[in-house]
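What follows is a short report on a single structure.
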Amino acid sequence: PNSLICSSDLDYEGYFNTNDLGECEKDKIIIKGRSSDLIKKAGELISLAYIEKTIVNNNHVKDAACIGLDDEITDSKIIVFVVFTNNTDCFNKVKNLKSKLNLILKNIELPDKIIPIPEMPKTPSGKTIKRQLLESYRI
């Protein structure tokens, strides 16, 4: 449409930036994630999606949301909201999760804070509403 021709959403070659990350494999483009899932922490790029996936692979975790927040010292902090399969004894579950993450993730990828929550706010299509988490838990 004509509205896109003059849009500031187009790059200098006329392409619309979707902020998707991908790779070319043979004659196909494979979408791997979103650039908003990457943060810079102490000069290193960190994949929030990878951290989320690692956490959700834990048997005691039902769902997780990983959020990067600005930090004056390290560029970003990693905050993780976790829904455990059973919400009893969350203190020990967080402690155990941290221990397991220490074995899998690099030090720079380790969450700065893990917050257990009873349920994950979702859109009707099933996407996590991260903005609502930040507002609800005053982060």
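Heads up: the sequence shown is residues 22 to 160, going by our numbering. Quick reminder that beta carbons are idealized off the backbone N, C-alpha and C, glycines included.
| Counted within 10 angstroms of its Cβ, other Cβ atoms place Lys-114 as buried (16 or more) or exposed | buried
- Item | Distance, Ala-85 Cα to Val-103 Cα | 4 Å
Suppose you measure from the CA of Glu-46 to the CA of Glu-93; what does that come to, to the nearest Å? 38 Å
Cβ of Lys-61 within 7 Å of Cβ of Asp-32? no
Practice item. Classify Ala-70 as helix, strand or coil using the three-state DSSP reduction. Key: If DSSP states are grouped into helix, strand and coil, Ala-70 belongs with the helices.
_Alpha carbon of Pro-142 to alpha carbon of Arg-159, nearest angstrom_ = Pro-142 and Arg-159: Cα-Cα distance of roughly 15 Å.
Could you tell me which of Lys-98, Ile-138, Asp-91, Asn-117 sits nearest to Leu-154, measuring between CA atoms? Ile-138
Less than 8 Å between C-beta atoms, sequence neighbours within five positions excluded: which residues of the same chain meet that for Leu-118?
Ile-76, Asn-79, His-81, Val-82, Val-103, Ile-135
task: With DSSP as the reference, label Asp-84 as helix, strand or coil.
output: strand
Checklist line | Three-state class that DSSP yields for Leu-126 in the structure shown | finding: coil
- Query: What are the boundary residues of the alpha helix (DSSP H) that Ser-157 is part of?
  - Reply: 151-157
Under three-state DSSP, which class holds Lys-134?
strand
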